[in-house]
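Chemist: Handing you a structure now.
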Amino acid sequence: MTASSKFPDRDRTPANASRPTHGGNRNWAAQYANCKPEDILDFSASINPLGPPQSVLTAISTHLDRLTAYPDPSYDRLRAALSDFHNLPADWILPGNGAAELLTWIGRELARLDTVYLVTPAFADYHRSLAAFNAKVVAQPMDLKTPSPQRAIEFPSSPPRKSCGLLLNNPHNPTGTLTPREVLLPYLEQFALVVVDEAFMDFLPLDLQQSLLDLILDFPNLVVLRSLTKFYSLPGLRLGYAIARPDYLRRWQQWRDPWPVNILAEVAAIAALQDRGFQQQTWDWLSPTRTALMEGLQTLPGLTPRPSAANFILVETEVPSSQLQRDLLKSQQVLIRDCLSFPELGDRYFRIAVRLPAENERLLTSLEQILQK
Ligand SMILES: Cc1ncc(COP(=O)(O)O)c(C=O)c1O
379 MTASSKFPDR
389 DRTPANASRP
399 THGGNRNWAA
409 QYANCKPEDI
419 LDFSASINPL
429 GPPQSVLTAI
439 STHLDRLTAY
449 PDPSYDRLRA
459 ALSDFHNLPA
469 DWILPGNGAA
479 ELLTWIGREL
489 ARLDTVYLVT
499 PAFADYHRSL
509 AAFNAKVVAQ
519 PMDLKTPSPQ
529 RAIEFPSSPP
539 RKSCGLLLNN
549 PHNPTGTLTP
559 REVLLPYLEQ
569 FALVVVDEAF
579 MDFLPLDLQQ
589 SLLDLILDFP
599 NLVVLRSLTK
609 FYSLPGLRLG
619 YAIARPDYLR
629 RWQQWRDPWP
639 VNILAEVAAI
649 AALQDRGFQQ
659 QTWDWLSPTR
669 TALMEGLQTL
679 PGLTPRPSAA
689 NFILVETEVP
699 SSQLQRDLLK
709 SQQVLIRDCL
719 SFPELGDRYF
729 RIAVRLPAEN
739 ERLLTSLEQI
749 LQK
């Protein structure tokens, strides 16, 4: 008996390895491209290519001796740093093992309501957390055709929603649409609980952000979710936080394990929040680099990129995106995000992160070669 027939789950050749439902799966891509995972140029996960900041790496390496102690289960220092950063009371902030961990408890909270309206296409993890607690979910499809961000999310009429929840993200992943605050404000009056996932909001300079954070103290039914993963390029460390009424946060704290955030993630987050230089550098990089990438995509046959407020671009494609993905991997070791896990988008779209100018050029050249064949 061969090792692979004895352990069929371990036989993960490209032909049978399951297609990832998240971006950033370099192992899967490397099997397909027949190269090492570190040789993949990854446009599929929307991670800041300027990071992680040096300040964060220094904080991690100078605190390695703290690994011998348990983290502080109340995360007082981290919550104080987040409280300074957002100018909000510390007991309204709950750090978690990535935004994904907090989504689990948000899913459980939402599942207590009659129905959860979910703006679609939706980040795959929303489906996971809502399904885990048998939430009754109603899809609220975005209008992908309208050029107006004001009109992208429109509820048909006004059914009673006082016993319902609403889950959406802003800026929206995967479309990159930034919904203006004034569009969201009425929902705070209409729904029992409104959860706004702002995992990508920090990519916008402060004067352009459309965050609802400054309303949090006035609306007991508002939860805002943030992540340090994307902006500070720390997906492997796992650090996110929820901002909401303290009694929600206390309940979620009781539901979960005592130390979801490890000591190194805690010191890294404190250093990241203080690194104003890195924040400015990221804002200075993103806007012109995204514009140049958009313009490059617009010149390629069969591709229609959508305007984006975030650090990624959704592109409509005449060639099926799964085929483009395969060709890019095989010939160039470049990974883009197909959209097959978003049923509303399917093979007609792919998503790419905005990376460094030279890397974006490599993507454009690779796409050009493939599309001209
Ligand atoms: C919209 C959105 N929210 C939350 C997350 C999860 O972030 P984290 O890495 O902090 O768990 C992601 C990750 O892809 C995301 O795209």
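In terms of this note's numbering, the numbers along the sequence shown are unbroken and rise by one, the last being 751.
In this text, a Cβ means the ideal position worked out from N, Cα and C, and glycines have one as well.
As the structure is a computational prediction, the values presented were derived from the model and not from experiment.
At a threshold of 6 Å, does residue 605 count as lining ligand 1 (C-beta to nearest heavy atom)?
Modeler: yes
Chemist: Considering only heavy atoms of ligand 1, does any lie closer than 6 Å to the CB of residue 609?
Modeler: No, Cβ of residue 609 sits at least 6 Å from all heavy atoms of ligand 1.
Chemist: Which class does residue 697 belong to by DSSP, given the choice of helix, strand or coil?
Modeler: coil
Chemist: What are the start and end residues of each continuous alpha helix (DSSP H) run of 4 or more residues lying completely inside the segment 489-549, in chain order?
Modeler: 502-510
Chemist: Would the beta-carbon of residue 650 be found less than 6 Å away from any heavy atom of ligand 1?
Modeler: no
Chemist: Less than 7 Å separating the beta-carbons of residue 328 and residue 687?
Modeler: The first residue shown for the chain is 379 and the last is 751, placing residue 328 beyond what the model contains.
Chemist: Taking only heavy atoms of ligand 1 into account, decide whether any of them is closer than 6 Å to the Cβ of residue 728.
Modeler: Relative to ligand 1, the beta carbon of residue 728 is positioned no closer than 6 Å to any heavy atom.
Chemist: Using a Cβ-Cβ cut-off of 7 Å (strictly less than) and excluding sequence neighbours within five positions of residue 414, which residues of its own chain qualify?
Modeler: The beta carbon of residue 414 is closer than 7 Å to those of 408 in its chain, skipping five residues each way along the sequence.
Chemist: Using the Cβ count rule (16 or more neighbours within 10 Å means buried), how would you classify residue 643?
Modeler: buried
Chemist: Exposed or buried, residue 721, counting other C-beta atoms within 10 Å across all chains shown (16 or more means buried)?
Modeler: exposed
Chemist: Look at the alpha carbon of residue 533 and the alpha carbon of residue 601, and state the distance between them as a whole number of angstroms.
Modeler: 20 Å
Chemist: Just the Cα atoms here: how many angstroms apart are residue 733 and residue 701?
Modeler: 22 Å
Chemist: To the nearest angstrom, how far is the alpha carbon of residue 470 from that of residue 604?
Modeler: 13 Å
Chemist: By DSSP's criteria, residue 413 is part of a beta bridge. Which residues make up the other side?
Modeler: Note: residue 413 sits in no beta bridge, so no partner.
Chemist: Note down, one range per segment and in chain order, each beta strand (DSSP E) of at least 3 residues found wholly within the segment 585-640.
Modeler: 600-605, 618-621
Chemist: How far does the alpha helix (DSSP H) with residue 656 in it extend, from its first residue to its last?
Modeler: From DSSP, the alpha helix (DSSP H) with residue 656 extends over 654-676.
Chemist: Between the alpha carbons of residue 510 and residue 747, how many angstroms are there, rounded?
Modeler: 44 Å
Chemist: Can you list, in chain order, the residues of its chain with a C-beta nearer than 6 Å to that of residue 730? Leave out the 5 residues immediately preceding and following it.
Modeler: 421, 691, 714
Chemist: Say yes only if the C-beta of residue 643 is nearer than 6 Å to one or more non-hydrogen atoms of ligand 1, and no if none qualify.
Modeler: no
Chemist: Can you give the Cα-Cα distance for residue 437 and residue 696, rounded to whole angstroms?
Modeler: Each residue's Cα considered, the two are about 47 Å apart.
Chemist: What whole-angstrom Cβ distance do residue 426 and residue 608 have, given they're in contact under 8 Å?
Modeler: 6 Å
Chemist: In the DSSP assignment, what residue or residues form a beta bridge with residue 728?
Modeler: 693, 716
Chemist: Residue 496 and residue 468: beta carbons closer than 7 Å?
Modeler: no
Chemist: Relative to the C-alpha of residue 624, which candidate in 452, 412, 442 has its C-alpha closest?
Modeler: Nearest to residue 624 by alpha-carbon distance, out of 452, 412, 442, is 452.
Chemist: Provide the residue(s) that pair with residue 552 in DSSP beta bridges, ordered along the chain.
Modeler: Residue 552 is not bridged to any residue.
Chemist: Is it the case that the Cβ atoms of residue 707 and residue 411 are separated by a distance below 7 Å?
Modeler: yes
Chemist: Distance, Cα to Cα, residue 448 vs residue 580?
Modeler: 30 Å
Chemist: Report yes or no: do the segment 496-505 and the segment 636-653 share at least 3 C-beta pairs separated by less than 8 Å?
Modeler: By the Cβ test, the segment 496-505 is not in contact with the segment 636-653, since fewer than three Cβ pairs between them sit closer than 8 Å.
Chemist: If you count every other CB in all the chains shown that lies within 10 Å of the CB of residue 381, and 16 or more means buried, which is it?
Modeler: At residue 381 the pLDDT is 39, less than 50, meaning the model places this residue with poor confidence and gives no usable figure here.
Chemist: In the DSSP assignment, find the unbroken alpha helix (DSSP H) run with residue 742 in it and report its ends.
Modeler: 735-749
Chemist: Residues in its own chain within less than 8 Å of residue 668 by CB, not counting five upstream and five downstream?
Modeler: The answer, listed in chain order, is 686, 689, 691, 732.
Chemist: Identify which residue in 740, 711, 656 has its Cα closest to the Cα of residue 583.
Modeler: 656
Chemist: With three or more beta-carbon pairs closer than 8 Å as the criterion, would you say the segment 568-575 touches the segment 483-495?
Modeler: The segment 568-575, when compared against the segment 483-495, does touch it at the 8 Å Cβ threshold.
Chemist: Indicate, with yes or no, if ligand 1 has a heavy atom lying under 6 Å from the CB of residue 530.
Modeler: no
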